[in-house]
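Novice: Please see the structure below; I have some questions.
Residue numbers (the working numbering), protein chains in the order written: chain B, -19 to 263; chain A, 14 to 293.
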């Protein structure tokens, strides 16, 4: 019976094979290559930990900066996305809800490279942000400064990833059973309280998924730190590109890559553990 | 988590104040979303703009003719980008249509594991992978070629292509295919005349997704494309790092148009029932 079932599904597996091979050859193989060569001494051909000591010595500060920037951006995305999705779900002024729905999505389809260029002009010392604040009298011209450093990267990441997270979370909230929300509302509970105590626990799986995907996307972004941060300290992706393009030093670059894989691995582990603790299948 | 120990303060805001607050918050969000876009649009038509002037000193389209001059390279980069995007879409569909069809069948063993496998390129930071792909491609003579860049782009887009194709095929009921088979159609003929046309809108959506991913892809092109393949994002990076705000902004606008068009039209192709079953 089992063999019959297997034989029936063989044609399907054959249809699947080319795409599987593609991911295997062009992603899994280079990924394993990268993990292994982080421990490779390419001058002598042996295996050692020297790449890591060198990577931590040269780029220890950048590793911390990467951790702080990606975690802070992810946290901001989480808080703002829940706020937007919550208002879209519980808001009572239909015109405000419609306006919010129309506005918040725009950055989602804007490429990262373009978002970085927008922020380069917007957050510069002479950019529109400073100009507007000065016109409103909120900022003295002498205090005007450029935000084009790690802060600019955080702003760009949040600006770009917020709609994605808000879209996923509001989708999950929209498919919830509304009766519990309405009865709590009838009992006089405030909307903030309904959001935090009734709505949020039911969509927590979606919140985690959207935050972890955002976190990995931010860890992968090369164009944003490259365009927004001039010089150092900068982020790991820029260091990797620099190591490879200027020195041909794949050892240290792969050691830095290993660190970024470890960060996304930790995020994935955290997510899976969260899913187990909630006793459900991670979606 | 319970908040009972921290009862939230119930405050009633008078109607006008709460309307004002709502208006201010939405206005702030609109400024944050559209401010950077507006700033970029102004730069595309600014001929001279120096600190501390709040607006350009001289307006005009002088930089547009510079961008579109053949020697500027932007037009060549645009055509390279479009060519690579079309090739990437073709390759992705060739791989994703059979794979998506297979994954739409619930009886496929290890189905959810295969679905997760295609997510791998999105679940790991890509820069370290891309630089090693470039190293492997170098040995194969694929670096600096359009083919090499196409392969890297296809990997990034494949999860969307496969998942959307699978959802699109799954949304077709078995009945119509059964009916065609009962009328004597071969499996291939039933697929070509029934399943494929019915799944076409979803496949169109996946093609658009892949096209945009390819158009915007940066780090793969950065490592694999050097030194000969220059796509629009790389051209924009160079203009920006050279401090040429006008050229960079005009290039950014060129990259932005397809994305905005996509946002306006995607809902027409991606029906809600398909969207709801993506990745399931």
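From the three backbone atoms N, C-alpha and C, an ideal C-beta is built for every residue, glycine too.
With distance defined between alpha-carbon atoms, name the residue in B:80, B:90, B:4 nearest to residue 274 of chain A.
Specialist: Walking along the second chain from the start, residue 274 of chain A turns up at place 261. That would be B:90, whose Cα lies nearest to the Cα of residue 274 of chain A.
Novice: Within 9 Å of any Cβ in chain B, is that where the Cβ of residue 48 of chain A sits?
Specialist: In the second chain, counting from the first residue as 1, residue 48 of chain A sits at position 35. Judged by the 9 Å Cβ criterion, residue 48 of chain A is in contact with chain B.
Novice: Go ahead and pull the three-state DSSP assignment for residue 157 of chain B.
Specialist: Residue numbering aside, residue 157 of chain B sits at position 177 when the first chain is read from its first letter. In the structure shown, residue 157 of chain B sits in coil (DSSP, three-state: anything other than H, G, I, E or B).
Novice: Quick check on the DSSP output: the alpha helix (DSSP H) that includes residue 37 of chain A runs from which residue to which?
Specialist: As a first step, residue 37 of chain A is located in the second chain; it is residue number 24 there, counting from the start. Element bounds for residue 37 of chain A: 28 to 57.
Novice: Starting from the C-beta of residue 226 of chain A, find all residues in its chain whose C-beta is less than 6 Å away, skip the five residues before and the five after it, and write them out in chain order.
Specialist: Translated into positions along the second chain, residue 226 of chain A becomes position 213. Correct list, in chain order: 169, 170.
Novice: In this structure, what does DSSP give as the bridge partners for residue 21 of chain B?
Specialist: As a working mapping, residue 21 of chain B is identified with position 41 in the first chain. Answer is B:26.
Novice: Can a CB atom of chain A be found closer than 9 Å to the CB of residue 73 of chain B?
Specialist: By one-based count along the first chain, residue 73 of chain B stands at place 93. Output row for residue 73 of chain B: interface = yes.
Novice: How many angstroms separate the CA atom of residue 19 of chain A from the CA atom of residue 177 of chain B?
Specialist: In the second chain, the residue the question calls residue 19 of chain A occupies position 6. In the first chain, the residue the question calls residue 177 of chain B occupies position 197. A caution first: residue 19 of chain A carries a pLDDT of 49, below 50, which makes its placement in the model too unreliable to give a value.
Novice: Can you tell me whether residue 261 of chain B is helix, strand or coil according to DSSP?
Specialist: As a first step, residue 261 of chain B must be located in the first chain, where it is residue number 281. Interpretation of residue 261 of chain B is limited by its pLDDT of 46, a score under 50 that renders its predicted location unreliable; the figure taken from the coordinates is listed afterwards. Note: residue 261 of chain B maps to coil in three-state DSSP.
Novice: Here's the rule I'm using: 16 or more other beta-carbon atoms within 10 Å means buried, otherwise exposed. How should residue 156 of chain A be labelled?
Specialist: Translated into positions along the second chain, residue 156 of chain A becomes position 143. Buried, since its Cβ has 16 or more Cβ neighbours within 10 Å.
Novice: Counting Cβ pairs, one atom from each stretch, are 3 or more of them under 8 Å apart for the stretch 67 to 85 of chain B and the stretch 228 to 237 of chain B?
Specialist: no
Novice: Just the C-alpha distance for residue 53 of chain B and residue 196 of chain A, rounded to the nearest angstrom, thanks.
Specialist: Taking the first chain and counting its residues from 1, the one referred to as residue 53 of chain B is at position 73. Taking the second chain and counting its residues from 1, the one referred to as residue 196 of chain A is at position 183. One C-alpha to the other measures close to 58 Å.
Novice: Report the neighbours of residue 139 of chain A on chain B: residues whose CB is nearer than 8 Å to its CB, in chain order.
Specialist: Against the second chain, residue 139 of chain A aligns to sequence position 126. Within chain B, the residues near residue 139 of chain A are 200.
Novice: Tell me which residues of the stretch 149 to 162 of chain A have at least one Cβ-Cβ distance to chain B shorter than 7 Å, keeping chain order.
Specialist: 149
Novice: Could you check whether the Cβ of residue 88 of chain A sits closer than 9 Å to any Cβ belonging to chain B?
Specialist: Taking the second chain and counting its residues from 1, one reaches residue 88 of chain A at position 75. Chain B contact via Cβ: absent.
Novice: Would residue 212 of chain A and residue 184 of chain A qualify as a contact pair, given that the criterion is a beta-carbon distance under 9 Å?
Specialist: On the second chain, position 199 is the one that residue 212 of chain A refers to. On the second chain, position 171 is the one that residue 184 of chain A refers to. In this structure, residue 184 of chain A lies closer than 9 Å to residue 212 of chain A by Cβ.
Novice: Per the contact definition of three or more C-beta pairs closer than 8 Å, is the stretch 114 to 122 of chain A in contact with the stretch 234 to 246 of chain A?
Specialist: Of all C-beta pairs linking the stretch 234 to 246 of chain A to the stretch 114 to 122 of chain A, fewer than three are shorter than 8 Å, placing the two stretches out of contact.
Novice: Along chain A, in chain order, which residues have C-beta atoms closer than 8 Å to that of residue 93 of chain B?
Specialist: For the purposes of this step, residue 93 of chain B is taken as the residue at position 113 of the first chain. Those are 229, 231, 246, 249, 250, 265, 268, listed as they occur along chain A.
Novice: Give me the chain A residues within the contact set of residue 217 of chain B, using Cβ-Cβ distance strictly less than 7 Å, ordered along the chain.
Specialist: Position 237 of the first chain holds residue 217 of chain B. Per Cβ cutoff of 7 Å: 140.
Novice: Could you tell me the distance, in whole angstroms, from the CA atom of residue 14 of chain A to the CA atom of residue 208 of chain B?
Specialist: By 1-based counting over the second chain, the position of residue 14 of chain A is 1. By 1-based counting over the first chain, the position of residue 208 of chain B is 228. At residue 14 of chain A, the pLDDT of 43 sits below 50, so the modelled position is not reliable; the number obtained from the coordinates is stated separately. Each residue's alpha carbon lies about 39 Å from the other.
Novice: Which bits of chain B does residue 182 of chain A rub up against, with CB to CB less than 8 Å?
Specialist: Locating residue 182 of chain A in the second chain gives position 169, counting from the first residue. Here the premise fails: no neighbours, minimum Cβ distance about 11 Å.
Novice: Can you say whether residue 140 of chain B is buried or exposed, counting buried as having 16 or more other CB atoms within 10 angstroms of its CB?
Specialist: Sequence index remark: in the first chain, residue 140 of chain B carries index 160 (1-based). Buried.
Novice: Report yes if the C-beta distance between residue 70 of chain B and residue 174 of chain B is below 9 Å; otherwise report no.
Specialist: Working through the first chain from its first residue, we reach residue 70 of chain B at position 90. Working through the first chain from its first residue, we reach residue 174 of chain B at position 194. It is a contact, given that the beta carbons lie within the stated cut-off.
Novice: Compute the beta-carbon to beta-carbon distance between residue 159 of chain A and residue 70 of chain A, rounded to the nearest angstrom, for a pair I have assumed lies under 8 Å.
Specialist: Your numbering for residue 159 of chain A matches position 146 in the second chain. Your numbering for residue 70 of chain A matches position 57 in the second chain. Wrong, their Cβ atoms sit about 42 Å apart, outside the cutoff.
Novice: Of the choices B:115, B:81, B:155, B:217, whose alpha-carbon is the least far from that of residue 199 of chain B?
Specialist: Numbered from 1 along the first chain, position 219 holds the residue referred to as residue 199 of chain B. Checked all of B:115, B:81, B:155, B:217; the closest Cα to residue 199 of chain B is B:217.
Novice: When you compare the CB positions of residue 248 of chain A and residue 59 of chain A, do they come within less than 9 Å of one another, or not?
Specialist: Here residue 248 of chain A refers to the residue found at position 235 when the second chain is read from its first residue. Here residue 59 of chain A refers to the residue found at position 46 when the second chain is read from its first residue. Cβ distance not < 9 Å, so residue 248 of chain A and residue 59 of chain A don't count as in contact.
Novice: Quickly, what does DSSP pair residue 71 of chain A with across the bridge? List them, please.
Specialist: On the second chain, residue 71 of chain A is found 58 positions in, with the first residue counted as 1. For residue 71 of chain A, which the question treats as bridged, DSSP gives the partners A:61.
Novice: How do the stretch 188 to 205 of chain A and the stretch 130 to 138 of chain A stand: do at least 3 beta-carbon pairs fall below 8 Å, yes or no?
Specialist: no
Novice: Helix, strand or coil: how does DSSP classify residue 73 of chain B here?
Specialist: As a first step, residue 73 of chain B must be located in the first chain, where it is residue number 93. Coil, per DSSP.
Novice: Between which residues of its own chain and residue 284 of chain B is the CB-CB distance below 7 Å, once the five residues before and five after are set aside?
Specialist: Nothing in the structure corresponds to residue 284 of chain B, since chain B is present only between -19 and 263.
Novice: Evaluate residue 53 of chain A with the Cβ neighbour count: other Cβ atoms within 10 Å of its Cβ, from every protein chain shown; 16 or more gives buried, anything less gives exposed.
Specialist: Sequence index remark: in the second chain, residue 53 of chain A carries index 40 (1-based). The residue is buried, with at least 16 neighbouring Cβ atoms inside 10 Å.
Novice: Just mark residue 99 of chain B as buried or exposed, buried being the case when its beta carbon has 16 or more other beta carbons within 10 Å.
Specialist: On the first chain, position 119 is the one that residue 99 of chain B refers to. It is buried - the Cβ of residue 99 of chain B has at least 16 other Cβ atoms within 10 Å.
Novice: Which bits of chain A does residue 107 of chain B rub up against, with CB to CB less than 8 Å?
Specialist: Indexing the first chain from 1 puts residue 107 of chain B at position 127. 52, listed in chain order.
Novice: Fully enclosed by the stretch 178 to 253 of chain B, which alpha helix (DSSP H) runs are 4 residues long or longer?
Specialist: 184 to 200, 203 to 208, 216 to 227
Novice: Does DSSP classify residue 211 of chain A as helix, strand or coil?
Specialist: Along the second chain, read from residue 1 onward, the residue named residue 211 of chain A stands at position 198. Three-state result, residue 211 of chain A: helix.
Novice: Name the chain B residues whose beta carbon is nearer than 9 Å to that of residue 262 of chain A?
Specialist: The residue labelled residue 262 of chain A in the question sits at position 249 within the second chain. Correct list: 97, 98, 101.
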